[in-house]
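Just below is one structure, and these are the notes that go with it.
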Amino acid sequence: FFWSAALPLVETVTFDHLREQPARYSRIRLWGSIGFIVAVMATGALLDHVALSGLLSVIVVTLLGILGYALVLPESSPHASTDDQLPVGAILRQRRVRALFAACFAMSAAHGALYVFYSIHLAEHHYSKFLVGCLWSLGVLAEIVVFFFMVGLLRRYGLRTILLVSFAAAIARFLMIGWGVEWLSVIVIAQLLHGLTFGAYHAAAIAAVNRWFPGRCQARGQALYSSLSFGAGGLAGSLLSGWTWDAWGAATTYTLSSAFAVVGLVLVALGVRKSDLDGAAARRPVRIAETAQPSRGAR
């Protein structure tokens, strides 16, 4: 509960320190992925020598370490924003914001079956526990690589293109997992796509939220992004995948995941213009952006 509440604040503080260099966020975020791999490997080794109850002590020590670092984190100097007094409701009424949040909900819902049933799916097709662990690690390694190169990717392609490619990759990935599980090479490629379906997608989405929710609205924007996508979307995808898994099996469940990604792709393609993310309008005050939007046909 409290961990979920802290994450949007961490994102906000990070962007507040980055100021005019928000593209560097991904270079910081990749250390979270590296930490995940280290934690998984270290915990596995630890549990070979201590009882499961000993894991609680490790978690407590880790959380105390996080608290210690939070206490010494330097405050960023306050900076003025023309949009500091804008109500969040005014931002949420924008078509581009509603479209992105709905797409983020769909993307997280698409990943529901992955996080709940992926290991079970592979085990049912005679993948060893070691191989399953390697495949999970491969996905995290792919996202680390994408995070590392994200600065250059953002400059070359822009946020909107990266989002569209991420959703397209999710469509292919879940179809591959659902229908290509008999071929290890297909599953390896599907796991490599995690670099796009999470790494590139998350970096682009969170950068968009940072642009559209300025000043003091930023923390609430990040909270909305986390709760609507990872919270509501993840919950909906997990629950729905449980029902479809029992009723129709793995292939249909992952096809449904792919369908969620299709919905997200359409929402971004039709609801978010290129100028909304990569042009001057992306950084304009909301009042101006609302009254100076380009025609619907502009991209």
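Each residue of the sequence shown is one higher than the one before, starting from 108 at the first, in this note's numbering. For glycine and all other residues, C-beta sits at the position ideal for the given N, C-alpha and C.
Identity of the residue in N317, L271 and L331 nearest F305 by Cα: L271
Buried versus exposed call for Y176 [16 or more other C-beta atoms within 10 Å across all chains shown]: exposed
Integer Cβ distance of G340 from A206, believed to fall under 8 Å: Their Cβ separation, rounded to whole angstroms, is 14 Å, which puts G340 and A206 out of contact at 8 Å.
Inter-residue spacing [alpha-carbon to alpha-carbon] between R280 and S336: As the crow flies, the alpha-carbon of R280 is around 19 Å from that of S336.
Around the Cβ of W355, are there at least 16 other Cβ atoms within 10 angstroms (buried) or fewer (exposed)? Classified as exposed, W355 has fewer than 16 neighbouring CB atoms from the shown chains inside 10 Å of its CB.
Closest residue to T362 among I278, L303, R323 and S333 (Cα-Cα distance): I278
Measure the beta-carbon distance from A217 to A376 and round it to whole angstroms, keeping in mind my assumption that it falls under 8 Å. The pair is not a contact, with the Cβ atoms about 16 Å apart (cut-off 8 Å).
Rounding to the nearest angstrom, what Cα-Cα distance links L199 and D385 in this structure? 19 Å
Three-state class that DSSP yields for S226 in the structure shown: helix
At what residues does the alpha helix (DSSP H) containing W243 begin and finish? K236 to Y264
Inter-stretch contact at 8 Å, needing at least 3 Cβ pairs: the segment 252-267 / the segment 129-149: yes
Using a Cβ-Cβ cutoff of less than 8 Å, which residues in the same chain neighbour H232 once the five nearest sequence positions on both sides are dropped? V288 and E289
Please classify L153: is it buried, with 16 or more other beta-carbons within 10 angstroms of its beta-carbon, or exposed? exposed
Length of the line joining the Cα atoms of A405 and R380: Caution is warranted here: a pLDDT of 41 is assigned to A405, below 50, making its placement in the model unreliable, and the coordinate value is therefore given only provisionally. Cα to Cα, the separation comes out at about 7 Å.
Could you give the DSSP three-state label for R200: helix, strand or coil? The DSSP-derived three-state label of R200 is coil.
Which residues mark the beginning and the end of the alpha helix (DSSP H) in which T304 is found? In the DSSP assignment, T304 falls outside any alpha helix (DSSP H), carrying neither H nor E.
Hey, how far is the Cα of G344 from the Cα of F274? So the alpha carbons of these two residues sit roughly 16 Å apart.
So, do the segment 301-317 and the segment 239-252 have three or more beta carbon pairs nearer to each other than 8 Å? In this structure the segment 301-317 lies against the segment 239-252, because at least three pairs of beta carbons, one per stretch, are closer than 8 Å.
Just to confirm my understanding: we take G172, look at its own chain, exclude 5 residues before and 5 after, and list those with CB closer than 8 Å. What are they? none
Are the CB atoms of C211 and A310 nearer to each other than 8 Å? no
Rounded to the nearest angstrom, how far is the Cβ of W319 from that of V204, given a contact under 8 Å? 6 Å
Using 8 Å as the threshold, is the segment 224-239 in touch with the segment 142-152, meaning 3 or more CB pairs across them? no
With 8 Å as the threshold, decide whether the Cβ of D155 is near any Cβ in chain D. Protein chain content of the structure displayed is limited to a single chain, and chain D is not contained in it.
So H228 and A357 are in contact, right, with Cβ under 8 Å, and what is the actual spacing, rounded? 5 Å
8 Å Cβ cutoff met for W350 and F224: no
Following the continuous alpha helix (DSSP H) through V167, name the residue where it begins and the one where it ends. G161 to V179
Which first and last residues belong to the alpha helix (DSSP H) in which V370 is found? Start and end: A357 to G378.
Is DSSP giving F320 helix, strand or coil here? coil
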